[in-house]
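Trainee:
Residue numbers (the working numbering): 2 to 456.
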């Protein structure tokens with residue numbers, strides 16, 4: 002097989018491929034046999050139709066088209082491999098010539114992965130925040146655990162913020178009920194946003210058996226389109242009021258919520274978990290700094306086909322997230338007065354940044370000959386297949402459908418990120434003091450529970 006490569010504009014190339022006549026003749030014969038088995042011709046059994054009659058009935062072009070389906074994909078793949086190309090889209094194929102006893106000649110125009118000109122990617126300036134866990138942060142996690150394990154006791158007292166109330170309600174918008182506007186025995190925690198922001202706040206001070214009228218401004222992205230952004234009138238009956246009863250923070254509490262025997266041991270466990278969470282966040286921050294710097298220093302023209310494909314993926318993921326919130330993409334667009342096409346267009350800047358980052362990381366991995374160890378890849382595949390039916394069969398399927406290759410690319414990019422950080426010029430800096438109840442506290446409490454430090 003003879004292959005000639007022509008560089009076109011930007012990241013497009015044209016391959017001119019010539020396939021030997023022996024392969025062409027074999028493919029034409031195979032195509033004729035296949036058509037003979039599938040075409041019904043009176044007087045002939047399937048597979049026994051003579052070639053001249055088949056050509057007269059279908060036309061020689063039909064046989065040649067069938068032969069091309071056998072020849073072109075294999076020849077194209079071989080040509081791409083020989084030339085060391087990395088296509089990012091389907092090729093546009095033009096058949097120049099196909100005749101029996103003659104070589105097949107076709108041209109394939111395709112977009113390939115663009116060249117990345119790396120800037121400086123070693124010794125990048127990276128700031129490392131010092132990790133310091135305060136006693137206030139430990140106490141905040143303890144408080145969170147205490148809240149999680151609180152109990153509620155029936156009370157005749159007025160409802161206060163944090164109390165649990167059981168209510169019946171009916172609501173209207175513009176005098177009409179809407180989907181989800183009626184409920185019985187609905188639990189609400191007074192003072193929290195809940196499904197209807199503002200409803201529970203309107204019940205502060207209410208007693209068991211009391212009826213109240215509460216006005217609630219529904220959010221603009223409320224899942225019921227006809228009620229979104231409007232005021233709802235709620236008629237509420239408080240059936241029960243429950244006061245929160247907090248457990249004492251002592252050794253018994255530690256035994257109940259964790260694997261530890263004393264409160265002091267529980268605090269030490271929380272402190273270790275907070276430190277692990279903080280160190281992981283510091284590492285992630287360093288990785289983000291290094292990657293951003295490497296991407297900023299690199300030169301690459303990102304093909305629009307990759308950006309469009311990624312924007313479409315982001316739109317698909319967004320639609321999936323909306324479904325978990327009880328919304329469809331169509332309803333979301335109706336509420337926001339937009340269209341799916343506009344939402345997808347809005348994702349393009351993020352898509353461009355993601356694709357450019359991946360191209361740069363791939364270039365770093367290639368420049369440094371970074372590879373993924375077979376054991377690491379197998380561990381990742383095992384983790385993906387865990388809990389699935391027939392995991393080994395699934396892993397074999399992934400080897401053929403591109404999932405395994407995609408995972409290996411992702412892991413190789415992780416190796417590139419690790420390389421950038423390991424080669425960076427790191428300066429340690431003081432970290433801004435996080436509030437005791439800041440974002441690390443609930444995460445640490447949740448992770449503490451998973452690790453036997455709580456729950």
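All C-beta atoms in this analysis are idealised placements derived from N, C-alpha and C, irrespective of residue type, glycine included. Predicted model only: the values in this text are computed from it and were never measured.
1) Can you list, in chain order, the residues of its chain with a C-beta nearer than 7 Å to that of residue 452? Leave out the 5 residues immediately preceding and following it.
2) Helix, strand or coil for residue 79, going by three-state DSSP, please let me know.
3) Could you name each continuous beta strand (DSSP E) segment of 3 residues or more that falls completely within the segment 148 to 232, going from the start of the chain to the end?
4) In the structure shown, what three-state DSSP assignment does residue 7 receive?
5) Which residues bound the beta strand (DSSP E) around residue 279?
6) So which of 103, 84 and 75 has the shortest CA-CA distance to residue 94?
7) Assuming residue 408 is part of the alpha helix (DSSP H), what are its boundary residues?
8) For the alpha helix (DSSP H) that contains residue 254, what are its first and last residues?
9) Are the segment 166 to 173 and the segment 288 to 307 touching, with three or more C-beta to C-beta distances below 8 Å?
10) Quick check on the DSSP output: the alpha helix (DSSP H) that includes residue 324 runs from which residue to which?
11) Which of the three DSSP states, helix, strand or coil, is assigned to residue 340?
12) In terms of residue numbering, what span does the alpha helix (DSSP H) encompassing residue 25 cover?
13) Please name the residue, chosen from 241, 66 and 110, that lies closest to residue 153 on a Cα-to-Cα basis.
14) Bridge partners for residue 395 per DSSP, in chain order?
15) My assumption, with CB atoms under 8 Å, is that residue 127 sits in contact with residue 290. Please give the rounded CB distance.
16) Should the segment 90 to 108 be regarded as contacting the segment 9 to 29, the criterion being three or more beta carbon pairs within less than 8 Å?
17) Would residue 212 be called buried (16 or more neighbouring beta carbons within 10 Å of its own) or exposed?
18) Would you decide whether residue 37 is buried or exposed? Buried here means 16 or more other CB atoms lie within 10 Å of its CB.
19) Can you look up residue 92 in the DSSP assignment and give me helix, strand or coil?
20) Name the two residues that bound the continuous beta strand (DSSP E) containing residue 128.
21) Among 98, 90, 266 and 123, which has the Cα closest to the Cα of residue 112?
22) Measuring only the C-alpha atoms, how far is residue 56 from residue 64?
23) Between the C-alpha atoms of residue 193 and residue 136, what's the straight-line distance to the nearest angstrom?
Mentor: Walking through what the data contain:
1) A caution first: residue 452 carries a pLDDT of 44, below 50, which makes its placement in the model unreliable, though a value can still be read off. Cβ within range, chain order: 274.
2) helix
3) 152 to 155, 165 to 174, 183 to 190 and 212 to 218
4) strand
5) Careful: residue 279 lies outside any beta strand (DSSP E), inside the alpha helix (DSSP H) at 264 to 298.
6) 75
7) 404 to 423
8) 252 to 258
9) no
10) 305 to 325
11) coil
12) 22 to 39
13) 241
14) Bridge partners of residue 395: none, in fact.
15) 5 Å
16) yes
17) exposed
18) buried
19) coil
20) 126 to 130
21) 90
22) 8 Å
23) 27 Å
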